Amino acid sequence: MFERKDPFNWKAPALILLGVVVLSGGIYLGVKTRDTGNKTANAEKKIEKTVEKENKEVFQLSKDCEVWVHKKSTDGSDSDTAPIMIGTIDKALLNKSETEIRDYLKEKYPERHVESLSKYEIILSEVGSTGDADTKVDPAKFNKYTLETEDEFIVLYKYDKEGKKELVEKTDISIGALPKKVQDEIKKGIILNSEDEAYTRLEEFGS
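Position one of the sequence shown corresponds to residue 1 (the UniProt record's numbering), numbered consecutively onward.
And the structure:
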């Protein structure tokens, strides 16, 4: 008689094999996840270094870089007023980065926005409002010239028959060097009948 053999039990080896596969998969996923994490961290560091480099890189403004103001209507469209040059850039900004320049302009002109920034020209946009003094029509200025102040310097304007003003010249005469009484007059606006009369007064202030 043949001896009967019990069937081989495959459960134990199968469970062992399954455990090995699961363990190997876990190790692989762990290594893969770590590699992915390292790559992400390295990429973020590279981006941070690039941004930091850009923030520190000197923009190389020209010492004669002009600053202009472009006035816009309340709806954001261009106004009828031509852009006005308000001076040249502060020499302290010559060795600054673009970020530092923008931060400076934002702090100095909080009511204005940097519209464009280049080596030779900076344009600031300014949105007018219905309550803005520039939009109020003063009949006393019709067909007249006025001496006013802007950024602490004397500015000469010409008004047409409808009361619209046009910049004639922004002088280099600082009102800070003038007597207090004269400063107050200029801040209110000195109205003059002709261009010759206006330049005569400017000569007096500049002497």
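Glycine residues also receive a C-beta, built at the ideal position from the N, C-alpha and C atoms.
Quick caveat, the model's predicted, so the values are computed rather than measured.
Span of the beta strand (DSSP E), counted from its first residue to its last, around residue i
i      : result
Glu115 : 113-117
Glu148 : 145-150
Glu121 : 121-127
Asp172 : 165-174
Glu66  : 66-72
Lys161 : Where Lys161 is concerned, there is no enclosing beta strand (DSSP E), given that its DSSP letter is neither H nor E.
Whole-angstrom C-beta distance between residue j and residue i, which should lie under 8 Å
i      : j      : result
Glu115 : Leu124 : 6 Å
Ile86  : Lys170 : 7 Å
Ser79  : Lys72  : 6 Å
Ile186 : Ile154 : 6 Å
Tyr157 : Leu167 : 6 Å
Gln60  : Lys108 : The pair is not a contact, with the Cβ atoms about 20 Å apart (cut-off 8 Å).
Gln183 : Ile175 : 5 Å
Glu100 : Glu111 : Actually they do not touch by this definition, with Cβ atoms about 20 Å apart.
Distance CB(residue i)-CB(residue j) smaller than 8 Å
i           : j      : result
Gly189      : Glu148 : yes
residue 208 : Ser97  : Any property of residue 208 remains undetermined from this structure, which presents the chain solely from 1 to 207.
Tyr145      : Glu204 : no
Ile89       : Trp68  : no
Asn143      : Lys161 : yes
Bounding residues of the alpha helix (DSSP H) (the contiguous stretch that carries residue i)
i      : result
Asp184 : 180-188
Phe59  : Unbroken run through Phe59: none, as it is neither H nor E.
Ile101 : 98-108
Asp142 : The residue you asked about is not Asp; residue 142 is Phe in the sequence shown. Neither: Phe142 is in no alpha helix (DSSP H) and is coded neither H nor E.
Backbone secondary structure at residue i - three-state DSSP
i      : result
Asp90  : coil
Asp134 : Its pLDDT being 48, under 50, Asp134 is placed unreliably by the model, and nothing is read from it.
Asp196 : helix
Ile84  : strand
Gly206 : helix
Heavy atom of the ligand ADP within 7 Å of residue i beta-carbon
i      : result
Leu156 : The ligand ADP is not among the ligands present in this structure, which contains no ligands whatsoever.
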